[in-house]
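All remarks here apply to the structure that follows.
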Amino acid sequence: MNRSTVFAAVLTLAASAALPALAQQEETRFPTQAPPEAQRVVMMCDNDDATRSAFRREHGQAPTFVTAEEALRARAENQRWEAPRCMTEREHARLVSTLTAYASVR
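Mature numbering (1 follows the signal peptide of the UniProt record, and there is no 0) puts the sequence shown at residues -23 to -1, 1 to 83.
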């Protein structure tokens, strides 16, 4: 696992959540929005017993794996999660590839 790639993916997801908020002059809170402490964090995780145990110990629940498509949909719908979601290395590569394609079109 390349730490800079993981860091870049997390940073990209965090920036995608922050930029629309910075563009607005006045932020209006609606009851359907998640509390400010909730985030949309995706981590690269292995799908083995040791990783599941460590994740459960750290976050209080078993890891929930998402695909690249689900992460992009969550970004588009501005979803927030109480605990981070996990992504396999292969799905992370798909996410990075898709985000790179989006960036090159802009």
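Using N, Cα and C, we set each Cβ at its ideal position, and we do this for glycine too.
Every value quoted in this text rests on a predicted model; they were computed, and no experiment measured them.
Rounded to whole angstroms, the separation of the alpha carbons of V73 and V82 is 14 Å. Rounded to whole angstroms, R34 and V18 show a C-alpha spacing of 17 Å. V18 carries a coil assignment under DSSP once its states are collapsed to helix, strand and coil.
For R62, the secondary structure class from DSSP, reduced to helix, strand or coil, is strand. Of T65, S30, T77 and W58, the smallest CA-CA separation from D23 is found for T65. Ranked by Cα distance from D25, the first of G37, A51 and F42 is F42. Here R29 has A39 and P40 as same chain residues with Cβ atoms under 7 Å from its own Cβ, once five neighbours each way along the sequence are excluded. Restricting attention to A60, E54 and Q56, the CA atom closest to the CA of G37 is found in A60. Contact check for A45 against R62 fails: the beta carbons are separated by 9 Å or more.
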